[in-house]
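Just so it is clear: in the sequence shown, position 92 is 92 by UniProt numbering, and no numbers are missing.
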Amino acid sequence: MGVKISREKWGYIFVIPGVLWYGLFMLYPMYYAIILSAHRWMGIETNPLFVGLDNFKEIFTDSLFYKSTVNTFYFTFISVSLTTFTALFIAILLTKVIKLRAIYRTFYFLPSVAGVVAVGIIWTWCYQPTFGLFNRILQVLHLPPSRWIMDPRLALFCVAITQAWMRLGFNVIVFLAGLLTIPEQFYDAAKVDGASGFHQLIHITLPLARPIITFLLIYNTIYGLTVFGEVYMLTEGGPGSATYTVAYLMYETAFRYSRMGKGSAMALFLFVIILVITVIQMKFFERRTQIEY
1 MGVKISREKW GYIFVIPGVL WYGLFMLYPM YYAIILSAHR WMGIETNPLF
51 VGLDNFKEIF TDSLFYKSTV NTFYFTFISV SLTTFTALFI AILLTKVIKL
101 RAIYRTFYFL PSVAGVVAVG IIWTWCYQPT FGLFNRILQV LHLPPSRWIM
151 DPRLALFCVA ITQAWMRLGF NVIVFLAGLL TIPEQFYDAA KVDGASGFHQ
201 LIHITLPLAR PIITFLLIYN TIYGLTVFGE VYMLTEGGPG SATYTVAYLM
251 YETAFRYSRM GKGSAMALFL FVIILVITVI QMKFFERRTQ IEY
């Protein structure tokens, strides 16, 4: 009994640093953002002035905030779709590969290791209209060049591709780890019953991979809705306001124009959106897994 109590105490001791870190750097900033959202505050040199819901009224009548919100949803849809389904496809292919599987996993995971700054520099060069990699490829193929991130119609899509490329490796590794845990007996039984590869995918692989798909969809959606680094490094919201997202507008409002209260109101709005979408995704995928073929 004494040993058991001692182990429990050690468990609490090891948990305390994580709880303190979470409370200090997550819960307290969230609480302070709620307080600031009801105040007008220009920075440390001024005193906060209570304004109630004025900050929320202001952002909901701001055309740039509306455009940033639409951009955020569009960006998230493109980024999540590209990342999740491409990673699932690659992971399914890698399950068939026995030799050099570790090398392939390392190759796909490398972009996830690189920081946003490094990724931004690489992709800025790729998208460069004059001497960028992509226009060089188009030139070799005798195709007209593109302005890429300089084109308001393509800029946000290009940024979404960049984030998808950066997050792809992590998604591939998680998908692969999950797919390799599916018992081979299910596939063997399906083959005996004459099920094709497509039917095995639809009725065995995808149902059993549903928890992983749910996790990665939520994970990728949160990253998409909170995108900032890629926008900052590639376009800084331009050209014009074509790539403004809620997170980037929040940064500009709070730190470039010192509108801390308004920026906090945007942060709370984004938090609520993420919470609602996450709950919807979890409820949608909260169905019983069945295997039929």
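The beta carbon of each residue, even a glycine, is placed where N, CA and C say it ideally should be.
Note on Glu286: under 16 other CB atoms within 10 angstroms of its CB, so exposed under the neighbour-count rule. As summarised for the stretch 90-139, the continuous alpha helix (DSSP H) elements at least 4 residues long and confined to that stretch are 101-113, 116-127, given in chain order. Taking Ser264 as reference, the option from Trp41, Glu8, Val15, Lys9 with the minimal CA-CA separation is Trp41. DSSP places Leu49 within a strand segment (E or B) once states are collapsed to three.
The three-state reading of DSSP puts Arg40 in strand, counting E and B together. The continuous alpha helix (DSSP H) containing His199 extends over residues 197-200.
In this structure, Leu208 lies away from Ile173, with their beta-carbon atoms at least 9 Å apart.
Burial is judged here by how many other beta carbons sit within 10 angstroms of a residue's own beta carbon; Trp125 has fewer than 16 and is exposed. With contacts defined as CB atoms closer than 9 Å, Gly261 and Pro29 fail to qualify as a contacting pair.
In this structure, Val227 sits near Val159, with a CB-CB distance shorter than 9 Å.
Rounded to whole angstroms, the separation of the alpha carbons of Leu206 and Leu93 is 14 Å. Contact annotation: Gln163 and Gly224 have beta-carbon atoms nearer than 9 Å.
Contact between the stretch 107-123 and the stretch 165-179 is present: 3 or more CB-CB pairs across the two stretches fall below 8 Å.
Nearest to Leu53 by alpha-carbon distance, out of Leu36, Lys67, His142, Glu252, is Leu36. With contacts defined as CB atoms closer than 9 Å, Gly120 and Met282 fail to qualify as a contacting pair. For the options Phe77, Leu133, Gly18, Trp148, the alpha carbon positioned closest to that of Tyr219 is the one of Phe77. For Leu275, the uninterrupted alpha helix (DSSP H) run begins and ends at 260-284, by DSSP. Judged by DSSP secondary structure, Asp151 falls outside any alpha helix (DSSP H); it is assigned neither H nor E.
In this structure, Phe89 sits away from Met266, with a CB-CB distance that is not shorter than 9 Å. With at least 16 other beta carbons inside 10 angstroms of its own, Gly178 counts as buried. If you look at Val227, you'll find it isn't in any alpha helix (DSSP H); DSSP assigns it neither H nor E. Cβ atoms of Phe269 and Ile59 come within 8 Å of each other, at about 7 Å. If you compare the alpha carbons of Ala247, Thr72, Phe175 with that of Ala87, the shortest gap goes to Phe175. In its chain, beyond the 5 residues on either side, Val174, Phe175, Gly178 have a beta carbon closer than 7 Å to the beta carbon of Ile212.
The three-state secondary structure of Pro145, taken from DSSP, is coil. Exposed is the label assigned to Ser63, since fewer than 16 other Cβ atoms lie within 10 Å of its Cβ.
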